[in-house]
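Residue numbers (the UniProt record's numbering): 1 to 209. Don't be surprised by glycine CBs; every beta carbon is placed ideally from N, CA and C. Computed from a predicted model, the values in this text were never measured in an experiment. Have a look at the structure below before the remarks.
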């Protein structure tokens with residue numbers, strides 16, 4: 001079935017004044033999304049970062065970080081780690097006159113939406129470096145995250161900064177991280193003597209509700 005023939009399954013009233021940014025939450029497949037700049041008078045949300053349950057039609061988690069201090073003029077993107085434990089909100093602001101741009105990356109715990117770390121960098125402008133390269137890249141087991149950065153003042157060098165992420169709290173996720181880290185490729189999961197449900201978990205496939 002093509003997109004033209006598809007039906008709209010859900011409509012979320014986000015905001016009338018500030019553009020929202022949306023990304024699907026990998027922990028739930030297609031039923032939950034993270035919304036940046038979500039506003040709803042009935043629920044009391046104003047330019048908030050939330051996790052929204054599309055099936056239930058309601059917010060299930062809200063960050064207490066004031067997004068007005070983060071959001072403004074610039075390009076934004078939101079990305080989850082593969083295991084869904086971390087949500088990274090990035091703000092990229094160009095300064096074409098001086099030939100560089102600022103990048104502010106905010107790393108949130110996806111369960112509590114608590115801000116864990118703020119990473120600041122100034123890089124080459126978007127016209128020189130593809131903007132998709134600013135997005136964070138996570139390791140296969142989501143234990144590390146890397147981003148572009150620059151070092152040096154007179155002759156700045158483009159570098160890759162690698163960050164160690166906190167270990168997950170749950171025992172199942174701890175075990176998954178250890179097992180996935182020990183495998184050569186994700187294709188090796190199929191050869192493990194485990195039930196199909198556990199193999200799907202190791203492959204980061206959301207469980208059916």
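- For residue 103 and residue 189, the gap between their C-alpha atoms comes out near 37 Å.
- Spatial neighbours of residue 67 in its own chain (CB-CB distance under 8 Å, excluding positions within 5 residues in sequence) are listed in chain order as 36, 37, 47, 48, 49.
- DSSP lists 76, 104 as the beta-bridge partner residues of residue 91.
- It is roughly 5 Å from the alpha-carbon of residue 77 to the alpha-carbon of residue 90.
- For residue 171, no beta strand (DSSP E) segment is defined; the enclosing uninterrupted segment is the alpha helix (DSSP H) at 171-182.
- Residue 112 is positioned such that its CB atom lies closer than 9 Å to that of residue 61.
- By the beta-carbon neighbour count (other beta carbons within 10 angstroms, threshold 16), residue 87 is buried.
- Taking C-beta atoms as the reference points, residue 136 and residue 79 count as a pair closer than 9 Å.
- Under the DSSP assignment, residue 24 falls in the beta strand (DSSP E) whose first and last residues are 21-24.
- In this structure, the beta-carbon distance from residue 25 to residue 84 falls below 9 Å.
- The alpha-carbon separation between residue 191 and residue 34 amounts to approximately 34 Å.
- Counting every other CB atom within 10 Å of its CB across the protein chains shown gives residue 11 a total below 16, marking it as exposed.
- Residue state for residue 38 is assigned as strand, using DSSP reduced to three classes.
- By the neighbour-count criterion, in which 16 or more other beta carbons inside 10 Å mark a residue as buried, residue 106 falls on the buried side.
- In this structure residue 134 is buried. Its beta-carbon is surrounded by 16 or more other beta-carbon atoms within 10 angstroms.
- Note on geometry: alpha-carbon atoms of residue 197 and residue 204 lie some 11 Å from one another.
- Beta-bridge partners assigned by DSSP to residue 146: 137, 162.
- Annotated three-state conformation of residue 59 is strand, per DSSP.
- Counted as a single uninterrupted DSSP element, the stretch harbouring residue 196 is not any beta strand (DSSP E) but the alpha helix (DSSP H) occupying residues 196-202.
- Distances from the alpha-carbon of residue 119 to those of 142, 162, 139, 22 put 162 closest.
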